[in-house]
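Participant:
Numbering (the UniProt record's numbering), first residue to last: 1 to 353.
Here is the structure:
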C-alpha cells in the first residue's frame, strides 16, 4: 500500500508536466509554429551551455527556499502563506547588517546569513504564536504580514538606506558577495546551500523521531494530542523553521544575485513556492526538482521569444497548467472510488506477476 502511494506521488507530477507540455505544443501549433523547434529553443535557453545551466540553477535557488518553506509548514498541517514576507525580511536584516556593521569577508557573509535566518524565523513565528494563543487563522495573518514586510522594505530602500537619487539601497561590499564555482560555471554557493537544505529537510521529516511526530501532527492533530505529542509546540516550531528557511533564502538571494534591495525584490517567490511544494507532494527533494523545472521554463522563455517570436505568455500558460493538473490529480487520488480502483488494479497485477 505504501509503495503504491509513493508511486502515485511520483506519477502525478510527471504526468502533469507531460500533459502541460503537450497542451503547450498545441497552443504553439495554433500560433503557426513548430512545437518541436520551439521546445528546442526553450531547452537550449536553459541548457545550451554551462553558463546557461548555471543561470538556470541561480533562478531556481530562491524557488527552492520558498518551496521548502511551504512544504515544511504544510507537513505539520499549518498553512504558512507568508514565505514572501519572511524572504523579504531576511534580506532586509542582512542588508542592514552588511552596510552598517563594517564586518566583511567570510565572517560578514556567515553572520549576515545567520541574521537573515533569524529575521525570517521571527517573522514566521508571529502567525504561529497568534494561532496557538488567540486562535487566529494563520493564512490570513501570514498573507497580511507579506504586505507589511514589502512596505517596510520599500521604506528601507527609499529612505533609510537609499543610494542617492535612485530608489534602491547601497550595494553590499564586494567581499560579502557569495563566491561562484568558476567563471565558466557561475553558480554561487547559495545554490548548494539550498540543495543541502532540501536533503536535510527530507532526512529530518522521514528519518528522525521529531520529523515523524511533526508529520503525525499534520495528519491528525487530535490523535497526536491524545498520544501525548505537544501539538502546539510542533505547530510553533513549523512556523519558526519554515520562516527561518525563507529568511535564509532572502539573505542568499541578496548576497548571491541581487546585491541590493529595490522595488520588486522577492515578488512572487512566496506563492510560487506554495505551488512548487504542492506539485512536489510536499517532498523536500521533489520540491528542489520542481523548482528547477520552473527555472528551466523561466530561463528558456526569453530564448523562445527571441528565437521564434513566441510570447513568453505561452510558457506562463504551461507553468499554470502544471500547477492545475498536479493539484487536481492529487485531489482525484484522494477520492475513495479512485483509491479503490488503483489499489485493486495494481494489486491484481502484482498477484499475476
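In this text, a Cβ means the ideal position worked out from N, Cα and C, and glycines have one as well. Quick caveat, the model's predicted, so the values are computed rather than measured.
1) Taking the alpha-carbon positions, what's the residue 114 to residue 172 distance?
2) So which of 140, 81, 26 has the shortest CA-CA distance to residue 242?
3) Go ahead and label residue 200 buried or exposed: buried means 16 or more other beta carbons lie within 10 angstroms of its beta carbon, across all protein chains shown.
4) Taking three-plus beta-carbon pairs below 8 Å as touching, is the stretch 318 to 333 in contact with the stretch 62 to 69?
5) Going along the chain, which residues of its own chain have a beta-carbon closer than 8 Å to the beta-carbon of residue 302, five neighbours each way excluded?
6) Check each candidate in 50, 278, 36, 107 and name the one with the smallest Cα separation from residue 175.
7) What residue range does the beta strand (DSSP E) around residue 166 cover?
8) Would you decide whether residue 276 is buried or exposed? Buried here means 16 or more other CB atoms lie within 10 Å of its CB.
9) How would you call residue 155, buried or exposed, if buried means at least 16 neighbouring beta carbons within 10 angstroms?
10) In three-state terms, what does DSSP make of residue 260?
11) Mark residue 166 as exposed unless 16 or more other C-beta atoms lie within 10 angstroms of its C-beta, in which case mark it buried.
12) Taking buried to mean at least 16 other C-beta atoms within 10 Å of its own C-beta, is residue 6 buried or exposed?
13) Applying the criterion that 16 or more other CB atoms from any shown protein chain within 10 Å of the CB defines a buried residue, is residue 210 buried or exposed?
14) Around the Cβ of residue 352, are there at least 16 other Cβ atoms within 10 angstroms (buried) or fewer (exposed)?
15) Near residue 131, what residues of its chain come up, given a Cβ to Cβ distance below 6 Å and the 5 sequence neighbours on each side ignored?
16) For residue 55, collect the residues of the same chain with a Cβ closer than 7 Å to its Cβ; drop the 5 residues on either side in sequence, then sort them by chain order.
17) From 255, 281, 318, pick the residue whose C-alpha is nearest to that of residue 116; which is it?
18) Is there contact here, the stretch 85 to 99 with the stretch 280 to 297, by at least three beta-carbon pairs under 8 Å?
19) Nearest CA to the CA of residue 355: which residue from 229, 238, 42?
20) Hey, is the stretch 236 to 250 in contact with the stretch 117 to 129, meaning 3+ C-beta pairs nearer than 8 Å?
21) Tell me whether residue 177 sits in a helix, a strand or coil according to DSSP, three-state version.
22) Using 8 Å as the cut-off, can you tell me whether the stretch 56 to 63 makes contact with the stretch 205 to 219, which would need three or more C-beta pairs spanning the two stretches below that distance?
23) Do residue 16 and residue 279 have their C-beta atoms within less than 8 Å of each other?
24) Return the chain-ordered list of same chain residues with a C-beta closer than 7 Å to the C-beta of residue 225, the five sequence neighbours on each side being excluded.
25) Would you report the Cα separation of residue 266 and residue 196, rounded to the nearest angstrom?
26) So, does the CB of residue 111 fall closer than 8 Å to a CB anywhere in chain C?
27) Roughly how many angstroms separate the alpha carbons of residue 144 and residue 124, rounded to a whole number?
28) Can you have a look at residue 350 and say buried or exposed, based on whether 16 or more other CB atoms are within 10 angstroms of its CB?
29) Please name the residue, chosen from 247, 134, 235, 263, that lies closest to residue 162 on a Cα-to-Cα basis.
30) Can you tell me which residues form a DSSP beta bridge with residue 163?
31) To which residues of the same chain is residue 104 closer than 6 Å at the C-beta, ignoring the five residues directly before and after it?
32) Taking residue 83 as the reference, give the member of 31, 23, 149 with the closest Cα.
33) What separation, rounded to the nearest whole angstrom, lies between the Cα atoms of residue 20 and residue 325?
34) Apart from the five residues on each side of it in sequence, which residues of its chain come closer than 6 Å, Cβ to Cβ, to residue 74?
35) Given this structure, state the Cα-to-Cα distance separating residue 285 from residue 157, to the nearest angstrom.
36) My understanding is that residue 112 touches residue 92, with C-beta atoms under 8 Å, so please give their C-beta distance in whole angstroms.
Facilitator: This is what the structure holds:
1) Each residue's alpha carbon lies about 16 Å from the other.
2) In terms of Cα proximity to residue 242, the closest of 140, 81, 26 is 81.
3) Counting other Cβ atoms within 10 Å of its Cβ, residue 200 stays below 16 and is therefore classed as exposed.
4) With a cut-off of 8 Å, the stretch 62 to 69 and the stretch 318 to 333 do not count as touching, because too few Cβ pairs lie within range.
5) The residues are 45, 312.
6) Considering only alpha carbons, the answer is 107.
7) It spans 166 to 169 - the beta strand (DSSP E) in which residue 166 sits, taken as one unbroken run.
8) Residue 276 should be labelled buried.
9) For residue 155, the number of other beta carbons within 10 angstroms of its own is below 16, and it is reported as exposed.
10) Reduced to three states, the DSSP call for residue 260 is coil.
11) By the neighbour-count rule (16 or more Cβ atoms within 10 Å), residue 166 is not buried but exposed.
12) By the neighbour-count criterion, in which 16 or more other beta carbons inside 10 Å mark a residue as buried, residue 6 falls on the exposed side.
13) Exposed, since its Cβ has fewer than 16 Cβ neighbours within 10 Å.
14) Low confidence applies here, because residue 352 scores a pLDDT of 44, under 50, leaving its location unreliable and the question unanswered by this model.
15) Excluding sequence positions up to five before and after residue 131, its CB lies within less than 6 Å of the CB of 138, all in the same chain and listed in chain order.
16) Result list for residue 55: 299, in chain order.
17) Distance check between residue 116 and each of 255, 281, 318 places 255 closest, using alpha-carbon atoms only.
18) With the cut-off at 8 Å, the stretch 85 to 99 and the stretch 280 to 297 do not touch.
19) With the chain running from 1 to 353 in the structure shown, residue 355 is simply not present.
20) With the cut-off at 8 Å, the stretch 236 to 250 and the stretch 117 to 129 touch.
21) In the displayed model, residue 177 falls within coil according to three-state DSSP, outside both helix and strand.
22) Fewer than three Cβ pairs drawn from the stretch 56 to 63 and the stretch 205 to 219 lie within less than 8 Å of each other, which leaves the two stretches out of contact.
23) Result yes, Cβ atoms of residue 16 and residue 279 sit closer than 8 Å.
24) A distance below 7 Å between beta-carbons, with the five flanking residues on each side excluded, links residue 225 to the following residues of its chain, in chain order: 231.
25) Answer to the nearest angstrom: the Cα atoms are 22 Å apart.
26) Note that chain C does not occur in the displayed structure, where there is just one protein chain.
27) Straight-line Cα distance between these residues: approximately 12 Å.
28) Reliability of the predicted coordinates at residue 350 is poor, the pLDDT of 45 falling under 50, and the value obtained from them is presented with this limitation in mind. Exposed, by the Cβ-count rule.
29) Measuring C-alpha to C-alpha distances from residue 162 to each of 247, 134, 235, 263 identifies 263 as the nearest.
30) Answer by DSSP bridge pairing, in chain order: 166.
31) 173, 175, 176.
32) Nearest Cα to residue 83 within the set 31, 23, 149: 149.
33) Rounded to whole angstroms, residue 20 to residue 325 spans 8 Å at the Cα level.
34) In its chain, beyond the 5 residues on either side, 282 have a beta carbon closer than 6 Å to the beta carbon of residue 74.
35) Distance between the alpha carbons of residue 285 and residue 157 is about 35 Å.
36) In this structure, residue 112 and residue 92 do not form a Cβ contact; the two beta carbons are roughly 11 Å apart against a cut-off of 8 Å.
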